[in-house]
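Counting in the numbering used here, the sequence shown runs from 36 upward without gaps. Virtual Cβ for every residue (Gly too), placed ideally from N, Cα, C. Everything numeric in this text was worked out from a predicted model, so none of it was measured. Data block below; observations after.
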Amino acid sequence: MVICSDVNKSLNLYNLIATSRVSTQVKKKILLAVVSPGTLLPYYLEMNWWKGDGNLMLFFSFFKSLVGREVIIELKNDLSICGTLHSVDQYLNVKVTDINVTDVERHPHMISVKNCFIRGSVIRYVHLPSDGIDTQLLQEATRKEVLQSRQQGGTSNK
């Protein structure tokens, strides 16, 4: 089970995606627990985005819903970029506009850069805005996914 205990904390996307892929290979369900602000009970998202049967890719949809919001993207080379999320593709490559580097002294070559494209595989963390998670939307997407899996003959572990 992968747990995100607070919406203000970062999600390591590629660890979650790798876990999802492994769960598909070993035929086990992995759940992502999300706790909304002001509540104690989490709700769970089933991680099965890498099945080849056309299931909704929740990460892609989730990040598409954040387009236009401020995010901080931390790269594997320790560069942190703060900017407005402009677009996301199915490989989780992102375009960020109006960027600022958090550590200018360490990365002076980035001062003049205002927009950038970031390949998904070099992203370590994405720090989300505190109001960035629409819990109702995620719950509805999870319900739809469970209903689809039940209709296709799968069972749901709660």
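By the Cβ neighbour-count rule, residue 139 is exposed, with fewer than 16 other Cβ atoms within 10 Å of its own. Within a 10 Å sphere around the beta-carbon of residue 172 sit fewer than 16 other beta-carbons, which makes this residue exposed. For the pair residue 113 and residue 102, the Cα-to-Cα distance works out to about 23 angstroms. Residue burial is scored here from C-beta neighbours: residue 152 has fewer than 16 other C-beta atoms within 10 angstroms and is therefore classed as exposed.
Here residue 157 has 110 and 111 as same chain residues with Cβ atoms under 7 angstroms from its own Cβ, once five neighbours each way along the sequence are excluded. In this structure, the alpha-carbon of residue 94 lies about 13 angstroms from that of residue 174. Shown here, residue 161 sits in a strand according to DSSP, grouped into three states.
For residue 133, the enclosing beta strand (DSSP E) has its first and last residue at 129 to 136. Beta-bridge pairing by DSSP links residue 103 to no other residue. A straight-line Cα-Cα distance of about 43 angstroms links residue 145 and residue 179.
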